[in-house]
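The block underneath contains the structure these notes are about, expressed in structure tokens.
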Amino acid sequence: MAKATPKTLSTGRIYITATFNNTLVTVTDQTGQVMFWGSTGLAGFKGARKSTPYAATTAIENTLKKAKEAGLTTAQVFIKGPGSGRDAVLGVVRSLGLKITTLADISPMAHNGPRPQKRRKGK
Numbered sequence: 029m030a031k032a033t034p035k036t037l038s039t040g041r042i043y044i045t046a047t048f049n050n051t052l053v054t055v056t057d058q059t060g061q062v063m064f065w066g067s068t069g070l071a072g073f074k075g076a077r078k079s080t081p082y083a084a085t086t087a088i089e090n091t092l093k094k095a096k097e098a099g100l101t102t103a104q105v106f107i108k109g110p111g112s113g114r115d116a117v118l119g120v121v122r123s124l125g126l127k128i129t130t131l132a133d134i135s136p137m138a139h140n141g142p143r144p145q146k147r148r149k150g151k
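Sequential numbering from 29 applies to the sequence shown in our numbering.
This is the structure we're talking about:
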């Protein structure tokens, strides 16, 4: 079996998927090869605590620290989804000293799409 080479990268892409129940972080190189990943569950949060902004901050911090140890200095950030982890992203990335070259929202938007749910009955 071949010896594993240590992961090194200077520029990469950070994909953050923020759902209502969880926040996922993926760090890839420029070709899209996954180098590091993390989530709020991996950071030790379970149940309803996974959906908090603090859990998202912790998950992003843990993943980006690993990437920074591998030599990541500049990154493109792509944010997807409506969750609470969206707001926590930029503060964490800046506090770790990473240079952001691109910041993009890649949330899927329906071009009309399916019929919405019926309105809730009010009193």
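Virtual Cβ for every residue (Gly too), placed ideally from N, Cα, C.
(1) Restricting to Cα atoms, I'd like to know which of L70, G40, L52 and G72 is closest to G60.
(2) Within this structure, are the beta carbons of T47 and A71 separated by less than 7 Å?
(3) Taking only three categories from DSSP, how would you classify R41?
(4) From the DSSP output, in three-state form, read off T86 for me.
(5) Suppose the cutoff is 6 Å on Cβ atoms and the five residues either side in sequence are ignored; what does the same chain contact list for V105 look like?
(6) Let me know if T102 comes out buried or exposed under the rule of 16 or more other beta-carbons within 10 Å of its beta-carbon.
(7) If we require 4 or more residues per run, which alpha helix (DSSP H) segments fall completely within the stretch 55-137?
(8) Am I right that A116 and I134 are in contact with their C-beta atoms under 8 Å? What's the rounded C-beta distance?
(9) For the candidate residues D57, N49, T54 and I44, whose alpha-carbon lies nearest to that of R77?
(10) With DSSP run on the structure shown, which of helix, strand or coil describes T51?
(11) Nearest by alpha-carbon distance to S37: which of F73, G99 and M137 is it?
Taking the structure as given:
(1) G40
(2) Not a contact, by the Cβ cut-off of 7 Å.
(3) strand
(4) helix
(5) Sequence-distant partners of V105 (beyond 5 residues in either direction) whose C-beta falls short of 6 Å from its own C-beta, in its chain, are I42, I128 and L131.
(6) Classification of T102: exposed, given that the 10 Å Cβ count is below 16.
(7) 81-97 and 113-123
(8) 17 Å between Cβ atoms; not a contact.
(9) N49
(10) Note: T51 maps to strand in three-state DSSP.
(11) Here residue 37 turns out to be Leu, not Ser, going by the sequence shown. Ranked by Cα distance from L37, the options F73, G99 and M137 are led by G99.
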